[in-house]
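Structure first, then comments.
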Amino acid sequence: MSREDYLYTQMIIPVSKQTYFNIKEAKRTAKLCAYDMLYHPPDYNPKSARSDRQEPKIIRKNIWDQEYPKGIASTTYFQLGRPKWKPIDIPTKQFDSKHVGNGNSYKMILAPQSCSCPLTETGVSLVNSTVCNAAVLFMALLEAYLRGRCDIATPCSKIDPVDKVDEAYDFIVVGSGSAGSIVAGRMSEIEHFKVLLLEAGGVEPIGARPPGFYRNFWQNQDIDWIYRTAPGNYCLDQKEKGCFWPRGKVIGGSSVLNGMMYHRGHAADYTAWGKEWSWEHNLPFFYMTEGNRQVGTLVDSHYHSETGPMPVQQFNYQPPFLYDMMQAIREAGLPVIQDMNDPNTPEGFCIAQAFTENGQRYTTARVFLKPRFVRPNLHVKTNAHVFKVLIEDNHAYGVQYYDEKGNIKTVYATKEVILSAGSLSTPHILFHSGIGPRGMLEGYGIPVIADLPVGQNLRNHLGVTLELLMTKYDQKRCLDWSALVQYLLNRDGPMSATGLTQLSGLLYSSLADRSHNQPDLQFFFNGFYAECSQTGKVGEPEVIGQKGVNISINAVALQPRSVGYMVLTSSDPKVRPVFYPQYFSHPDDMLLVKDAANYVHRILKSHTLRHKYGIKLHPGFAKQCTAAEWSEEWLECVARVATDPQNHQVGTAAMGLVLDHTLAVYNIKGLRVIDASAIPKQPTGNPQGVIMMVAERGVDFIKKYWASYL
């Protein structure tokens, strides 16, 4: 292999103007024309690298061990001065016990693939990540490489929103999240139905595809609503008052931002939903969506479906420490199971299944919209913030929305308006449409069309986050050039998973009725994320200047007794409502959270965590709680300081209160709510799978209702 193979074979990846200037500014600041991501060849002098004529060292296995003992080498050169950059990479190869090379270098491993459709940049950039905003250059490079992979960028099936909507449609779906994308996609299966999907945000970013980046877009105003609760005696360690609630403002909604865990809750959960929504009624609609890839090898075919469009399986990669954590759980006398959706094993810890395949996140939009977007009867409009449903004579006939320029637009529905904007946004739209508590609406001069308790049943899971330090383990960053190459080659490695977050557990509290097979506590583990790197160098410390590794465990009550609410503060739709979660307003809730925290304490006392890892509470954790650690007084203080509010809000337009069992709004024709706000009581587990089931059932109700009109 000659040097010409590298010096004159250039890859060109299109990037946005902003990303280009971010790279250019980083280069100007560094005063270098080349950026060494890992190791330069021994004879390389960056100060003399004034163009792409600098000769890279050709790396072969027979010189690898002497010159590159840590296993990865990559040097990227730039040609600046025009809005496309042309990196030339030294061949990159990982040689270790797991990935042994065949003696040949991988030519242009980071080069873009030749796709059937043009590769274009879409969505919010990783460069703007609030988690990793200091690592501009490395993250920009990483993102550009991702955009060059056909199966990740999916250029032939990308959503191409319409610039201008038609005057009227049969159905208008508001919100393209976990429910809305399913509703719009399924409704467009009937070619006679003309469907419009309105989304307040933009398209799904490519950077959200690797599961390891699932937190990178939180608190980014272009993709996250960044909701906060009213201040109270909870979340006291937050710099800003109140608890942070991330909610997706993007095609795909919160299925773009969440941890992807697949859980259906337990059969007893649905008793409170009414007889029409029993477990037996709902199970076929869970199966309608689920395409489980591990039936027969991990999970039982009696409880799972292989035929649905949404891929479900465990992630390709687990950090090695995860298995030591599972050993610690066993040492604590707690059960370890295989499938948290198996009704025969409702209690225990396991590596959860998730909405993933080929090392990538799968959102409801990716599954239910993109394959169907070629249908001429489905239009998608982004940056369309719906604020009002138009109602006359108690019949919904259209919506009003703000477009990307802030102009008010109107579009009409001849059959139905379907609100799928989520538990926090759907009630806000209903309020400004004249549907809600009479006293509140009249107080802001909004004509009352239907006096219903919208926003009055705000339910959520509630817990505490325990911050920990492993003093005997020095973790290096999970994200580096080695991880990137592993991901680009095999869709494997740290980028293909969510670190410790894929481990979860369900247990019973002291208040639970075990005869119902309905565990009421859940546990989430955090750490070993491949979400950020300053340089990309192998061996970069996780926290510079700190010895040890930070992890945390969330101990969560799944059936808290506290019920919150949300209210308007203005007649202006652009002014956000205020959320009062009422955390710990019921005395049982503190007992439930303490029970959950004490289970964590049992795990921390295990031999594996104490002796192998030297685990302890982080020295900086909850300093304002001065009572003896793990005492009742200390636990109560910690629960209020380090409150884990979760992001599983439901119930704000619930069946039985606001909706009938077909999800139609009481006393209003042509208006339904199909999203988490319709759920009357929170399920005992992660809600996305449940929300998807609600969407499938909602579509079934609509199709049956309009069948006689086709």
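Heads up: the sequence shown begins at 133 in this note's numbering, then just goes up one per residue.
Ideal placement from N, C-alpha and C gives every residue a C-beta, glycine not left out.
These numbers come from a predicted model, not from an experiment.
Where residue i falls: helix, strand or coil (DSSP)
i           : result
residue 721 : helix
residue 486 : strand
residue 207 : Model confidence at residue 207 stands at a pLDDT of 35, short of 50, so the residue's coordinates are unreliable; what they give is reported in the following sentence. Strand, per DSSP.
residue 388 : helix
residue 413 : helix
residue 346 : coil
residue 371 : coil
residue 683 : strand
residue 325 : coil
residue 523 : strand
residue 761 : coil
residue 496 : helix
residue 477 : coil
residue 319 : helix
residue 254 : coil
Check whether residue i and residue j have beta carbons under 8 Å apart
i           : j           : result
residue 385 : residue 307 : yes
residue 694 : residue 716 : yes
residue 549 : residue 802 : yes
residue 461 : residue 481 : yes
residue 683 : residue 556 : no
residue 426 : residue 450 : no
residue 484 : residue 597 : no
residue 380 : residue 309 : yes
residue 251 : residue 339 : no
residue 782 : residue 819 : yes
residue 395 : residue 821 : yes
residue 436 : residue 422 : yes
residue 366 : residue 772 : yes
residue 727 : residue 641 : yes
residue 489 : residue 443 : yes
residue 457 : residue 657 : yes
residue 289 : residue 497 : no
residue 291 : residue 383 : yes
residue 649 : residue 475 : yes
residue 792 : residue 311 : no
residue 344 : residue 630 : yes
residue 680 : residue 787 : no
residue 624 : residue 448 : yes
residue 768 : residue 722 : yes
residue 510 : residue 320 : yes
Through-space distance from residue j to residue i, alpha-carbon basis
i           : j           : result
residue 325 : residue 350 : 36 Å
residue 414 : residue 302 : 27 Å
residue 588 : residue 521 : 20 Å
residue 861 : residue 748 : The first residue shown for the chain is 133 and the last is 842, placing residue 861 beyond what the model contains.
residue 362 : residue 758 : 26 Å
residue 304 : residue 544 : 8 Å
residue 542 : residue 660 : 47 Å
residue 704 : residue 560 : 11 Å
residue 283 : residue 690 : 37 Å
residue 467 : residue 479 : 7 Å
residue 524 : residue 762 : 59 Å
residue 718 : residue 592 : 14 Å
residue 168 : residue 272 : Interpretation of residue 168 is limited by its pLDDT of 30, a score under 50 that renders its predicted location unreliable; no figure is taken from the coordinates.
residue 274 : residue 756 : 40 Å
residue 254 : residue 245 : 17 Å
residue 317 : residue 502 : 9 Å
Residue environment, residue i, which counts as buried when at least 16 other CB atoms sit within 10 Å
i           : result
residue 538 : exposed
residue 428 : exposed
residue 577 : exposed
residue 540 : exposed
residue 452 : exposed
residue 471 : buried
residue 702 : exposed
residue 390 : buried
residue 424 : buried
residue 564 : buried
residue 570 : exposed
Closer than 7 Å: residue i CB and nearest the ligand ZN heavy atom
i           : result
residue 351 : In the structure shown, the ligand ZN is absent, as is every other ligand, since no ligand is present at all.
Closer than 8 Å to chain D by CB, residue i
i           : result
residue 402 : Included in the structure is just one protein chain, with no chain D present.
What ranges does the alpha helix (DSSP H) occupy inside the region 266-306, keeping only unbroken runs of at least 4 residues that lie completely in it? 268-279 and 282-285
Continuous alpha helix (DSSP H) assignments of at least 4 residues falling wholly in the region 533-594: 558-564 and 570-575
Which runs of the beta strand (DSSP E) fall wholly inside the region 686-755 and span at least 3 residues, in chain order? 697-699, 710-712 and 747-749
Start-end ranges of the beta strand (DSSP E) lying completely within the region 435-463, minimum 3 residues: 442-444
Restricting to runs no shorter than 3 residues, where is the beta strand (DSSP E) found entirely within the region 631-669? 635-639 and 653-658
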